[in-house]
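Visitor: Pasting a structure below so you can have a look.
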Amino acid sequence: MGQSVHPGSVAVLVVEDDALLRAEAVDLCIEAGFQTYEARDADQAIRLLERHSEIRVLFTDIEMRGQMDGLKLAHAVRERWPPVSIMVTSGRRKVTKKDLPENGLFFAKPYPPDDIVNALNGIAAQIAS
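Printed below as a string of structure tokens:
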């Protein structure tokens with residue numbers, strides 16, 4: 001039988017270049033009880049992942065500034081940090097399962113906040129088992 005995990009013991013990294021959307025996503029994760037980090041681009045996200053081994057979920061937008069978009073970031077994270085769960089979102093791009101890293105989840109914007117919280121809780125439960 002798996003032990004229960006409090007959401008606060010699972011850290012989420014939100015990567016979004018739009019400051020308002022990033023703040024909304026961060027607030028959503030915090031209100032759901034998750035420890036939350038934020039990054040404005042892939043470079044900043046990678047630096048945070050290198051420093052914070054407790055990050056277990058990447059929640060990234062696809063479209064962002066810099067040399068690496070959210071899908072490239074998701075694949076890089078899957079390769080370098082396999083235990084990190086991947087959640088990808090976009091309001092402009094249609095994404096299929098084959099575009100995502102293995103076991104990645106996609107949420108079209110505007111996403112229902114409950115869908116994000118349910119996915120995070122599901123990931124926390126998997127980590128606990």
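The opening residue of the sequence shown carries number 1 in full-length UniProt numbering; numbering runs sequentially from there. Note that beta-carbon positions come from the ideal geometry of N, C-alpha and C, so glycine has one too. From a predicted model like this one, the values you see are computed outputs, not experimental measurements.
Give the straight-line distance between the Cα atoms of residue 127 and residue 67, rounded to the nearest whole angstrom.
Guide: Looking up residue 127 in the sequence shown gives position 127. Looking up residue 67 in the sequence shown gives position 67. Approximately 31 Å between the Cα atoms of the pair.
Visitor: Taking the C-alpha atoms as reference points, what is the distance between residue 9 and residue 77?
Guide: Position 9 of the sequence shown holds residue 9. Position 77 of the sequence shown holds residue 77. In a straight line, the C-alpha of residue 9 is about 20 Å away from that of residue 77.
Visitor: Can you tell me which of 84, 85, 115 and 109 puts its alpha carbon nearest to the alpha carbon of residue 95?
Guide: Working through the sequence shown from its first residue, we reach residue 95 at position 95. Among 84, 85, 115 and 109, the Cα nearest to that of residue 95 is on 109.
Visitor: Three-state secondary structure (DSSP) at residue 14?
Guide: On the sequence shown, residue 14 is found 14 positions in, with the first residue counted as 1. The answer is strand: DSSP assigns residue 14 an E or B state.
Visitor: Within the continuous alpha helix (DSSP H) that includes residue 25, where are the two ends?
Guide: Counting from 1 along the sequence shown, the entry for residue 25 is found at position 25. Here the alpha helix (DSSP H) through residue 25 covers 19 to 31.
Visitor: Mind checking residue 91: buried by the 16 CB within 10 Å criterion, or exposed?
Guide: In the sequence shown, counting from the first residue as 1, residue 91 sits at position 91. Residue 91 should be labelled exposed.
Visitor: Please tell me whether residue 59 and residue 117 are closer than 8 Å, where the distance is taken between their beta carbons.
Guide: Here residue 59 refers to the residue found at position 59 when the sequence shown is read from its first residue. Here residue 117 refers to the residue found at position 117 when the sequence shown is read from its first residue. Taking 8 Å as the Cβ cut-off, residue 59 and residue 117 do not qualify as a contacting pair.
Visitor: Please go through the same chain and pick out, in chain order, the residues whose beta-carbon is closer than 6 Å to the beta-carbon of residue 123, but skip the five residues on each side of it.
Guide: Along the sequence shown, read from residue 1 onward, the residue named residue 123 stands at position 123. Excluding residues within five positions, the ones whose Cβ falls inside 6 Å are 57 and 85.
Visitor: Do you know offhand how far residue 97's Cα is from residue 64's?
Guide: Taking the first residue of the sequence shown as 1, we reach residue 97 at position 97. Taking the first residue of the sequence shown as 1, we reach residue 64 at position 64. Cα to Cα, the separation comes out at about 20 Å.
Visitor: Which residues bound the alpha helix (DSSP H) around residue 117?
Guide: Residue 117 sits at position 117 when you count from the first residue of the sequence shown. Element bounds for residue 117: 113 to 128.
Visitor: Measure the C-alpha to C-alpha separation of residue 50 and residue 103 and round it to an integer number of angstroms.
Guide: To locate residue 50, count along the sequence shown from 1; it is residue 50. To locate residue 103, count along the sequence shown from 1; it is residue 103. If you take the alpha carbons of residue 50 and residue 103, they lie about 22 Å apart.
Visitor: Hey, could you find the ends of the beta strand (DSSP E) residue 56 is sitting in?
Guide: Counting from one through the sequence shown, the residue named residue 56 turns up at place 56. From DSSP, the beta strand (DSSP E) with residue 56 extends over 55 to 61.
Visitor: Apart from the five residues on each side of it in sequence, which residues of its chain come closer than 7 Å, Cβ to Cβ, to residue 99?
Guide: Position 99 of the sequence shown holds residue 99. Answer for residue 99: 71, listed in chain order.
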